[in-house]
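A.B. asks:
In the UniProt record's numbering, the protein residues as written are 1 to 436.
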């Protein structure tokens, strides 16, 4: 269509064709030298995962399902444990009222035992939260070693649920006999149904964790290979490092769980004041700093710090073994009445963990100075390369798009119509009369 007094209007169809095909002289908005795949959504979306070769595990459906399963387990079991605690507190209050009225001499024996059961359930709640942190860390770090540890930890929690039920049942039976000896009829262990539910739920979740571990292990395969490479020595060094770090995380829970139980259930009420103060002010608070010392030692490859940690841990292991022997050789039947089963389980696990930690620490000590720090630095570079790749690709896309628009603006005036309908379009600007 011609407009009187001006050149012919541009052909719209031709303009669209040139847009899609690219203008050979490079002045079109989409130059033929720009590859179409640069603007592909799938390519831009995969920029984040390019550093590791695939989407991060926690963003995959299986990874998100694993985290969701762990969260569901934690929420469900914690709610049931809350119900057990509420029921048990009501039971303790009833025992205290009845004993105060009919047999005051039993208060000093029954109430501490009932409070010990409360501590068991509180530790179990903390353990469930700890397993959630382990599971999330295993998925985010794509660590098969830690994933296996999480599965084993869930089976330990399943066993502990059974031990918890048995310990509560034993204490309830002892309380029933004591009350019956004073002509008080009582039916205790009111939370039996909820405790059976916890055991059943934990068995189901523990079985599910075995299946998830096998599936996630296959998904982690490429990431593990990319981090460790094909070198046998590198694989061995990093495997020992990961095992030791995983052991330190688990030690945090079990070491503190043992020291707190031993302090509250055994020492308080049975030991002298100096022993209680020593354990409360020195042994329990020093557990976490000791593990921090081990972490610093392996990260810095410090032989002196690692040697100090191992020597202290050997001494601590000997102490725990002596306490475990005392449980089964003591002549005082009431000393471990409220804690025999639970404390025996915890002490056995602590001894095994301590021995394995000592062995793993010694093996790591032997490879200090053989390039472990360089391998850890390479590992950190792999973890950050995905973000660098994302930034680089986004910058590349931004530069190319910017250059396209600049190329379009720099077009010669002759390449566009001078005026249409009396309006000047030099350089895509407006006529002077309109600019005013």
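Built from N, CA and C at the ideal position, the CB exists for glycine as well.
Is residue 288 buried or exposed, if buried means 16 or more other CB atoms sit within 10 Å of its CB?
C.D. replies: It is exposed - the Cβ of residue 288 has fewer than 16 other Cβ atoms within 10 Å.
A.B. asks: Which of helix, strand or coil does DSSP assign to residue 153?
C.D. replies: Three-state DSSP puts residue 153 in a helix.
A.B. asks: Count the other CB atoms within 10 Å of the CB of residue 251; is the residue buried (16 or more) or exposed (fewer)?
C.D. replies: Buried: at least 16 other Cβ atoms inside 10 Å.
A.B. asks: Just to confirm before moving on: does the CB-CB distance between residue 216 and residue 139 stay below 9 Å?
C.D. replies: Yes, these two residues count as a Cβ contact at 9 Å.
A.B. asks: Report all residues from its chain with a CB closer than 6 Å to the CB of residue 103; omit the five preceding and five following residues, and keep chain order.
C.D. replies: Answer for residue 103: 182, listed in chain order.
A.B. asks: Could you compute how far the alpha carbon of residue 212 sits from the alpha carbon of residue 160?
C.D. replies: When rounded, the distance between both Cα atoms is 22 Å.
A.B. asks: Taking only three categories from DSSP, how would you classify residue 209?
C.D. replies: In this structure, residue 209 counts as helix in the three-state DSSP scheme.
A.B. asks: Output yes or no for whether 9 Å exceeds the beta carbon distance between residue 308 and residue 318.
C.D. replies: Taking 9 Å as the Cβ cut-off, residue 308 and residue 318 do not qualify as a contacting pair.
A.B. asks: Under the rule that 16 or more other beta-carbon atoms within 10 Å means buried, what is residue 265, buried or exposed?
C.D. replies: It is buried - the Cβ of residue 265 has at least 16 other Cβ atoms within 10 Å.
A.B. asks: Buried or exposed, going by whether 16 or more other CB atoms sit within 10 Å of the CB of residue 362?
C.D. replies: Result: exposed.
A.B. asks: Taking the alpha-carbon positions, what's the residue 58 to residue 305 distance?
C.D. replies: Cα-Cα distance, rounded: 35 Å.
A.B. asks: Could you please give the first and the last residue of the uninterrupted alpha helix (DSSP H) stretch that includes residue 122?
C.D. replies: 107-141 is the span of the alpha helix (DSSP H), which, as asked, contains residue 122.
A.B. asks: Please tell me whether residue 119 and residue 219 are closer than 9 Å, where the distance is taken between their beta carbons.
C.D. replies: For residue 119 and residue 219, no; Cβs fall outside 9 Å.
A.B. asks: So, under 8 Å CB-CB, residue 166 and residue 341 are touching, yes? Tell me the CB distance rounded to an integer number of Å.
C.D. replies: The Cβ separation is near 6 Å, so the contact holds.
A.B. asks: Which value, in whole angstroms, describes the spacing of the CA atoms of residue 248 and residue 94?
C.D. replies: Looking at the two C-alpha atoms, the distance is approximately 42 Å.
A.B. asks: Label residue 7 either buried or exposed according to how many other C-beta atoms from any shown protein chain fall within 10 Å of its C-beta, with 16 as the threshold for buried.
C.D. replies: Confidence at residue 7 is low in this model, with a pLDDT of 47, below 50, so the placement of that residue should be treated as unreliable; the coordinate-derived value is given next. With fewer than 16 Cβ atoms within 10 Å of its Cβ, residue 7 is classed as exposed.
A.B. asks: Buried or exposed for residue 214, going by 16 or more other Cβ atoms inside 10 Å?
C.D. replies: Label assigned to residue 214: exposed.
A.B. asks: Reducing DSSP to helix, strand and coil, say where residue 158 ends up.
C.D. replies: Note: residue 158 maps to helix in three-state DSSP.
A.B. asks: Starting from residue 447, trace the alpha helix (DSSP H) both ways and give me its first and last residue.
C.D. replies: For the chain, the structure presents residues 1 to 436; residue 447 sits outside this window and is missing.
A.B. asks: For the putative contact between residue 206 and residue 158, defined by C-beta atoms under 8 Å, what is the C-beta separation to the nearest angstrom?
C.D. replies: Their Cβ separation, rounded to whole angstroms, is 5 Å, which keeps residue 206 and residue 158 in contact under 8 Å.
A.B. asks: Taking the continuous alpha helix (DSSP H) assigned at residue 356, which residues delimit it?
C.D. replies: Taken as a continuous stretch (DSSP letters only), the alpha helix (DSSP H) holding residue 356 covers 340-366.
A.B. asks: Under three-state DSSP, which class holds residue 239?
C.D. replies: Three-state DSSP puts residue 239 in a helix.
A.B. asks: Where does residue 194 fall in DSSP's three states?
C.D. replies: Residue 194 falls in the helix class under three-state DSSP.
A.B. asks: With a Cβ-Cβ cutoff of 9 Å, do residue 187 and residue 176 count as a contact?
C.D. replies: Yes.
A.B. asks: Hey, how far is the Cα of residue 246 from the Cα of residue 357?
C.D. replies: Distance between the alpha carbons of residue 246 and residue 357: 10 Å.
A.B. asks: Pick from 144, 303, 82, 263: whose alpha carbon is nearest that of residue 243?
C.D. replies: Of the candidates 144, 303, 82, 263, the one whose C-alpha sits nearest the C-alpha of residue 243 is 144.
A.B. asks: Rounded to whole angstroms, what is the Cα-Cα separation between residue 337 and residue 113?
C.D. replies: The straight-line gap from Cα to Cα measures roughly 8 Å.
A.B. asks: Of the residues 367, 84, 78, 283, which one's Cα is nearest the Cα of residue 235?
C.D. replies: When each option's Cα is compared against that of residue 235, the closest is 367.
A.B. asks: What residue does the alpha helix (DSSP H) around residue 266 start on, and which one ends it?
C.D. replies: No alpha helix (DSSP H) contains residue 266, which DSSP labels as neither H nor E.
A.B. asks: May I have the straight-line CA-CA distance separating residue 355 from residue 315, to the nearest angstrom?
C.D. replies: Each residue's alpha carbon lies about 11 Å from the other.
A.B. asks: Starting from residue 319, trace the alpha helix (DSSP H) in both directions and tell me its first and last residue.
C.D. replies: Residue 319 -> alpha helix (DSSP H) spans 303-329.
A.B. asks: Within a Cβ cutoff of 7 Å, which residues of the same chain sit near residue 62, ignoring the five residues on either side of it in sequence?
C.D. replies: Closer than 7 Å at the Cβ level, and outside the excluded window around residue 62, lie 215, 216, 219.
A.B. asks: Measuring only the C-alpha atoms, how far is residue 295 from residue 240?
C.D. replies: One C-alpha to the other measures close to 13 Å.
A.B. asks: Quick check on DSSP: helix, strand or coil for residue 336?
C.D. replies: Residue 336: coil per DSSP, three-state reduction.
A.B. asks: If you run the structure through DSSP and keep just helix, strand and coil, what is residue 144?
C.D. replies: Reduced to three states, the DSSP call for residue 144 is helix.
A.B. asks: What is the DSSP secondary structure of residue 182, reduced to helix, strand or coil?
C.D. replies: DSSP places residue 182 in coil when its eight states are reduced to three.
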